[in-house]
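Numbering (my numbering), first residue to last: 1 to 188.
Set out below in structure tokens:
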């Protein structure tokens, strides 16, 4: 085997560099990890979960591989998550005080307002979820500085408090976003 594919697989194997393997006829996603071994017919990768935990070995035929991604933003972010996955397990204690009135959204969001160490996931009208830093909570709305799944800053958005149907604070997905956000800020 020669060519770009060989070079990418060999580099992943030699340096434990993260790659993503996309297969034909698999619209569900891709496998992410580093190459353990390969030959002309097969490749085995150490797979990792999206939270950086080892998730077994995947063996796939070369003929089933549609594309291999490497040295991209996702791979770099995943390397950070893998390197610091133990940190994701550490949930800092956060206690909320529930109000005695029907303004629970205001009371809960006020408790995390302007906290640069907490990302909240807000459910809007029982459906869509948005994650980010809660800023400027008023009695009618709030500002959410949205943070993407790889810690990338996104738009600032204003939501009505009445549309908030649930709030998740400091769950593992939010801790991952926060870790990657801080990693990105340190790299700038």
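Quick reminder that beta carbons are idealized off the backbone N, C-alpha and C, glycines included.
In this text the structure is predicted, and so the values were computed from the model without any measurement.
Item to check | Beta-carbon contacts of residue 166 that lie in its chain and below 6 Å, excluding the five residues immediately before and after | outcome: Within the same chain, residue 166 has close Cβ partners 123.
Next on the checklist: Which of the three DSSP states is assigned to residue 158 in this structure?
Outcome noted: Strand.
Item to check | Neighbourhood of residue 53 by C-beta, 7 Å cutoff - its chain only, sequence neighbours within 5 removed | outcome: Answer for residue 53: 85, listed in chain order.
Checklist entry - Exposed or buried, what is residue 178 when buried is set at 16 or more other beta-carbons lying within 10 Å of its beta-carbon? => result Under this definition residue 178 is a buried residue.
Item to check | Supposed contact pair residue 77 and residue 150 - C-beta distance, whole angstroms, cut 8 Å | outcome: Confirmed, about 4 Å.
Checklist entry - Pick from 8, 138, 49 and 106: whose alpha carbon is nearest that of residue 72? => result Minimum Cα distance to residue 72 is reached at 8.
Item to check | For residue 42, three-class secondary structure by DSSP | outcome: It is a strand residue.
Next on the checklist: Taking the alpha carbon of residue 92 as the reference point, which residue from 6, 36, 17 and 119 has its own alpha carbon closest?
Outcome noted: Per the Cα distances, 119.
Next on the checklist: Relative to the C-alpha of residue 35, which candidate in 102, 48, 113 and 183 has its C-alpha closest?
Outcome noted: Checked all of 102, 48, 113 and 183; the closest Cα to residue 35 is 48.
Next on the checklist: Using C-beta distances below 7 Å, list every residue in its chain close to residue 23, excluding the 5 sequence neighbours before and after it, in chain order.
Outcome noted: Excluding sequence neighbours, residue 23 sits near 60, 64, 65 and 66.
Next on the checklist: Measuring alpha carbon to alpha carbon, tell me which residue in 17, 13 and 56 is nearest residue 38.
Outcome noted: From the listed residues 17, 13 and 56, the smallest Cα separation to residue 38 is found for 13.
Checklist entry - Nearest CA to the CA of residue 46: which residue from 25, 15 and 40? => result The shortest C-alpha separation from residue 46 is found at 15.
Checklist entry - Of the choices 4, 112, 81 and 80, whose alpha-carbon is the least far from that of residue 95? => result For residue 95, the nearest C-alpha among the options comes from 112.
Checklist entry - Is the beta carbon of residue 175 sitting closer than 8 Å to the one on residue 88? => result Less than 8 Å divides the Cβ of residue 175 from the Cβ of residue 88.
Next on the checklist: Considering Cα atoms alone, identify which of 182, 127 and 161 is closest to residue 135.
Outcome noted: It is 161 whose Cα lies nearest to the Cα of residue 135.
Checklist entry - Alpha carbon to alpha carbon, what distance is there between residue 10 and residue 140? => result Going from the Cα of residue 140 to the Cα of residue 10 covers about 56 Å.
Next on the checklist: Please give me, in chain order, every unbroken run of the beta strand (DSSP E) with length at least 3 that falls completely inside the segment 73 to 127.
Outcome noted: Taking only runs of at least 3 residues, the beta strand (DSSP E) segments lying wholly in the segment 73 to 127 are 120 to 124.
Item to check | Residues that residue 143 bridges to, as DSSP identifies them | outcome: According to DSSP, which records beta bridges pairwise, residue 143 is partnered with 135 and 158.
Item to check | Close-in-space but distant-in-sequence residues of the same chain around residue 70 (CB under 6 Å, 5 per side omitted) | outcome: Closer than 6 Å at the Cβ level, and outside the excluded window around residue 70, lie 8 and 19.
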